[in-house]
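One structure is given below, encoded as structure tokens.
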Amino acid sequence: MSLTLNLLVNGVALGALIFLIAIGLSLIFGLMGVLNFAHGAIFIWGAYIGWAVYGATGSFWLGALAGTAVGLVIGFLMERLFIRKFYDNHVGQILLTLGLMIVLIELLKIVFGPNILGFDKPESLQGVVTLLEDSFPVYRIFLIGVGLLVLLGTHFMLTKTKIGMIIRAGVQDPEMVQALGINVRRVFTGVFACGAALAAFGGVMSGPSFGSIHPELGMLNQLNAFIVIVIGGIGNHIGAALGALLVGILQTFMAYYVPDVALAVNVALMALVLILRPQGLFGARG
Amino acid sequence: MRTRSWLTNRKVWGLLLLVALLALPFVGTSKFLLSMMISVFILAVYGMSYDLLLGYTGIVSFGHAIFFGTGAYAVGILLTKVKNPDLLPVALLIGVAIAAVTAFVIGLLSLRVKDVYFSMITLAFAELFFIFADKFSELTGGSDGIPYVRVPAIFNDRTTFYFLALAFLVLVYLILHRIVHSPLGRTLQAIRENEQRAQSLGYNVLRYKLASLVISGIVAALAGGMWAVLQKYVNTSVLSLDQTISALLMTIIGGVGTLFGAVLGAGVITFAQEWLSQAFDRWFLIFGVLYVLIVMFFPKGILGTIRDKWTGKRQGGAQNGVSSDQRGRSVS
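Heads up: the sequence lines are chains A and B, in that order. Each residue of the first sequence is one higher than the one before, starting from 9 at the first, in my numbering. Each residue of the second sequence is one higher than the one before, starting from 1111 at the first, in my numbering.
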């Protein structure tokens, strides 16, 4: 019982991390039709910048802030300098973002080296909490809280604010939004940069959770986020959250009971969803 | 002003190149250079198989290593377990069969949905294959791989291997050339240019894309098998994302939508890699930057750009895989 509960909490925490990557990826894809294959590279850049600033200043929060800011800048520059020229060219977008992924990862290896770096939990988030006679690592609980906050924030932003309304309308029909006199391109840049910032933030948060970081983590987490998007449906933040939860829990249980096939189960789940419900489990559009 | 002089005749240039390549072993070429050329020939076949997808059908697979790796592992595992190197043709056939079935299944799952999904799903499947090869170490040797693959005696002589690899390249080139100029190839190019139009003309787009993926997978598996014969060992790197990226680099740098572009790309990449990796630890960055620049500014690669200069064309029509693609589609 206690083991199941522990795994469940771990799974939800992992789901929260994957959600941070998937939400940006999903909104960018939903709004602009761009599937950003460099998203995982931004995630891992966030983790490394967070690690460096945390190490230099001793403050995890400053590290999180710096990592997120770098993600925002990378996202902004990427959209302005590269993606912008490729909105009417799907094949070009895919090729371009993969190229940017290669460049970002290689640059990361030049700056920080290709090896594994240890990433400690901040002091305030170490230790365990005892709930219902079970003890859980504080950091996992913290991650779940962060994920929940981001979900609520995104939900509020999308459903209650004007900019959220524009984004949702843009997901439905960008040309109509443009025709109504709203500068969709500027919204695109904003969403792209914010999505990148969230991924980078997720990167910093993932560091203490995994205990160490290395460049390949970017691709691995990006794959999980892709699977989440397929499962949850495109451009749908609730779908992304539920998909991330499902993938996180499944991954954690599988990693414990049959570690060799943990990723295989997620890919199999994705294949199943593609056969039965190509628009995603929680997606409305085809 | 397009004069059909021998200078612009592709057949003449192709034959001249072939003669030069045939003469290469007789002019005192070192064993090292011959081995390099053999890699170029095999990788060129791999690159051409990718170009059939990217350049001629307009779909971007990020899982091409699956087929290359399947071919390589089929040869590596079979020749090591059976201990009879003369079974190479059987091993190649098994590799091809597995690759064809895999391509069919993955294609059926992923080609029905939006085209960006295809890239993403092939990437996920490639990761799956990579992990399987890593975990099932009884069969694959795990991350250590399969060392000392025993190959047929005929491949032990570098010069003979050189000619065999060249023949392999020329044969595959001719077959693929035939395919892309057949009604099937024309239909694939029609799908690349405008999928909706091809659909409304009555073509079953899914079926044609599947055919393209299966043919491409078969050719890549053959290249992977030959690669195992050349390297005499197989490890998980043949299934890695880098292996897929290498196909992508060859095709993009050489020229999308021309079979010969992939051959040129294979040459450029293999020699540049050899040279760069001695000079600079993170040489891959240079390829990455070059790749991004080409996608941004020279979407036709080296060959396409040169050809456009020669023939005075500004806007290429039929041979253009990247830039004129899907212009009719809206953002969504």
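Ideal Cβ positions, reconstructed from N, Cα and C, are used throughout, including at glycine. Since the model is a prediction, treat every value here as computed from it, not as a measurement.
On the DSSP bridge assignment, give the partners of residue i in chain order.
i	result
phenylalanine 144 (chain A)	A:Val137
isoleucine 221 (chain A)	A:Leu125
valine 1344 (chain B)	B:Ile1256
Helix, strand or coil for residue i? Go by DSSP, reduced to three states.
i	result
glycine 1365 (chain B)	coil
isoleucine 242 (chain A)	coil
valine 1259 (chain B)	coil
valine 1223 (chain B)	coil
valine 1170 (chain B)	coil
phenylalanine 1239 (chain B)	helix
serine 1140 (chain B)	coil
leucine 289 (chain A)	coil
isoleucine 190 (chain A)	coil
alanine 1300 (chain B)	helix
glutamine 1425 (chain B)	Low per-residue confidence applies at glutamine 1425 (chain B): pLDDT is 46, beneath 50, and the placement is therefore not dependable, though the value from the model is reported in the following sentence. Three-state DSSP puts glutamine 1425 (chain B) in coil, outside helix and strand.
threonine 169 (chain A)	coil
proline 130 (chain A)	coil
histidine 1291 (chain B)	coil
threonine 46 (chain A)	The sequence given here has alanine at residue 46 (chain A), not threonine. Correct three-state label for alanine 46 (chain A): coil.
serine 1350 (chain B)	coil
glycine 1124 (chain B)	helix
arginine 1451 (chain B)	Lying before the first or after the last residue shown, residue 1451 (chain B) is absent from chain B, which here runs from 1111 to 1442.
leucine 1403 (chain B)	helix
lysine 117 (chain A)	helix
glycine 1251 (chain B)	coil
arginine 1392 (chain B)	coil
Roughly how many angstroms lie between the CA atoms of residue i and residue j, to the nearest whole one?
i	j	result
leucine 1221 (chain B)	glycine 240 (chain A)	19 Å
leucine 1132 (chain B)	glycine 1138 (chain B)	13 Å
valine 281 (chain A)	arginine 1417 (chain B)	45 Å
alanine 55 (chain A)	threonine 260 (chain A)	21 Å
leucine 1279 (chain B)	alanine 1154 (chain B)	7 Å
leucine 1413 (chain B)	glycine 1124 (chain B)	13 Å
threonine 1297 (chain B)	isoleucine 1404 (chain B)	27 Å
leucine 1163 (chain B)	glutamine 1353 (chain B)	16 Å
isoleucine 1148 (chain B)	isoleucine 1285 (chain B)	20 Å
glycine 71 (chain A)	serine 1326 (chain B)	46 Å
aspartate 1161 (chain B)	valine 146 (chain A)	51 Å
lysine 1121 (chain B)	alanine 1372 (chain B)	17 Å
valine 1441 (chain B)	asparagine 1194 (chain B)	With a pLDDT of only 34 at valine 1441 (chain B), under 50, the local geometry of the prediction cannot be trusted, and the value read off the model is given with reservation. Distance between the alpha carbons of valine 1441 (chain B) and asparagine 1194 (chain B): 56 Å.
glycine 41 (chain A)	isoleucine 102 (chain A)	11 Å
valine 1261 (chain B)	aspartate 1196 (chain B)	7 Å
glycine 256 (chain A)	leucine 271 (chain A)	11 Å
methionine 1146 (chain B)	threonine 1380 (chain B)	7 Å
alanine 279 (chain A)	tryptophan 1420 (chain B)	47 Å
alanine 1514 (chain B)	phenylalanine 1265 (chain B)	Lying outside 1111 to 1442, the shown extent of chain B, residue 1514 (chain B) is not represented and no answer is given.
alanine 208 (chain A)	glycine 243 (chain A)	19 Å
glycine 302 (chain A)	glutamate 131 (chain A)	Residue 302 (chain A) falls outside the range modelled here, since chain A spans only 9 to 294, and no answer is possible.
alanine 187 (chain A)	phenylalanine 290 (chain A)	29 Å
phenylalanine 1151 (chain B)	isoleucine 1362 (chain B)	17 Å
asparagine 1314 (chain B)	leucine 1203 (chain B)	29 Å
If you count every other CB in all the chains shown that lies within 10 Å of the CB of residue i, and 16 or more means buried, which is it?
i	result
histidine 1291 (chain B)	exposed
aspartate 1391 (chain B)	exposed
glutamine 134 (chain A)	exposed
valine 1129 (chain B)	exposed
serine 34 (chain A)	buried
glycine 211 (chain A)	buried
serine 1524 (chain B)	Lying before the first or after the last residue shown, residue 1524 (chain B) is absent from chain B, which here runs from 1111 to 1442.
arginine 148 (chain A)	buried
glycine 48 (chain A)	buried
tyrosine 265 (chain A)	exposed
lysine 1319 (chain B)	buried
methionine 1230 (chain B)	buried
glycine 1367 (chain B)	buried
phenylalanine 234 (chain A)	buried
Compare the C-beta of residue i against all C-beta atoms of chain D and say whether one is closer than 8 Å.
i	result
glycine 1173 (chain B)	Judged by its chain identifiers, the structure shown contains no chain D, and its protein chains are A and B.
Could you give the C-beta distance for residue i and residue j, rounded to a whole number, given that I count them as a contact under 8 Å?
i	j	result
leucine 1332 (chain B)	valine 1259 (chain B)	About 16 Å; that fails the 8 Å criterion.
glycine 79 (chain A)	alanine 204 (chain A)	5 Å
isoleucine 82 (chain A)	tryptophan 53 (chain A)	6 Å
isoleucine 50 (chain A)	isoleucine 1355 (chain B)	18 Å between Cβ atoms; not a contact.
glycine 100 (chain A)	proline 1409 (chain B)	7 Å
glycine 1205 (chain B)	valine 1192 (chain B)	Their Cβ separation, rounded to whole angstroms, is 14 Å, which puts glycine 1205 (chain B) and valine 1192 (chain B) out of contact at 8 Å.
alanine 1330 (chain B)	alanine 1209 (chain B)	7 Å
isoleucine 31 (chain A)	leucine 206 (chain A)	6 Å
leucine 39 (chain A)	valine 238 (chain A)	That belief does not hold up - the Cβ atoms of leucine 39 (chain A) and valine 238 (chain A) are roughly 18 Å apart, past 8 Å.
Tell me whether residue i counts as near the ligand COA, meaning its Cβ is closer than 7 Å to at least one heavy atom of that ligand.
i	result
arginine 1317 (chain B)	With respect to the ligand COA, the structure offers nothing, as it holds no ligand at all.
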